[in-house]
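Structure, as structure tokens:
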Amino acid sequence: MKLAHRKLDINYFKSIVRDLGLKVTHQRLLILENILKGREHITAQEVFENVIERSPEVGFATVYRFLRTLTEAGYLTEVRMKGLPARYEWAHKEHHHHLTCTKCGRIYEFENQLIEDIQDRVAQSFNFLLTDHVFELWGLCHECQPRATDGASDFVKLPKPQIAAV
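All residue numbers for the sequence shown refer to my numbering, where the first residue is 9 and numbers rise by one.
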């Protein structure tokens, strides 16, 4: 079920906090509201800045700890890229992949059945039971491409992929 089709109300937020075995607090509800009703792929700093606009007493540590708890419980997915802050997205969305700009950090989501089919064929060729996967592509978004030559030293250096020998 797509998140946009789910009614996001205060009772839903409270049920998430209770399911985690935590006390329902105004701060936790604000953090959840910010993630679930806000934009995709948000950093802890962005959540913090949005939350303190409505509740200035909330500390960054509170936001970060709750994001970690939500991630460990499977409610959030952490999207990481070397050199950039972790970004969070709601985990209960339909399966998708990411294109990440190595210059500005913007993340684009996409779905592609051909990629899914190829991954399944690769797993089958190794007699491998595929249970999950992550597929991310890194490059330059359309806004950063013209600036690519303006300071190549600003690019994030990515690790070389590790490929298992057959």
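The C-beta atom is built at its ideal place from N, Cα and C for all residues, glycine as well.
query, result
"Per DSSP, the bridge partner or partners of Val25", "Looking at the DSSP assignment, Val25 forms no beta bridge with any residue, so it has no partner."
"Rounded separation between Thr214 and Glu119 - CA only", "One cannot answer for residue 214 here, as it falls past the ends of the chain, which runs 9 to 174."
"Close beta carbons around Phe21, own chain, < 7 Å, minus the five adjacent residues each side", "Leu37, Leu40, Glu41"
"Straight-line Cα distance separating Glu61 from Val174", "The predicted model places Val174 with a pLDDT of 38, which falls under 50 and marks its position as unreliable, so this point remains unresolved."
"Euclidean distance between Cα positions of Cys109 and Val71", "26 Å"
"Exposure of Ile43, with buried meaning 16 or more beta-carbon neighbours within 10 Å", "buried"
"For Thr70, the first and last residue of its enclosing alpha helix (DSSP H)", "68-80"
"For Glu57: DSSP bridge partner residues", "Paired residues: none, contrary to the question."
"Residue from Pro93, Pro154, Asn135 whose Cα sits closest to the Cα of Ile50", "Pro93"
"CA-to-CA distance, Lys45 to His13, given in whole angstroms", "Per-residue confidence for His13 stands at a pLDDT of 36, beneath the threshold of 50, marking its modelled position as unreliable; no derived number is given."
"C-beta atoms of Leu138 and Asp128 nearer than 8 Å", "yes"
"Alpha-carbon to alpha-carbon, Tyr96 and Ser23", "20 Å"
"Contacting residues, own chain, Cβ-Cβ under 7 Å from Phe74 (five flanking each side not counted)", "Arg36, Ile39"
"Whole-Å CB distance - His104 paired with Glu144, under 8 Å assumed", "Not quite, the Cβ-Cβ distance comes to about 11 Å (not below 8 Å), so this is no contact."
"Leu30 versus Pro154 - alpha carbon distance", "48 Å"
"Glu86 in three-state terms, based on DSSP", "strand"
"Bounding residues of the alpha helix (DSSP H) (the contiguous stretch that carries His34)", "34-45"
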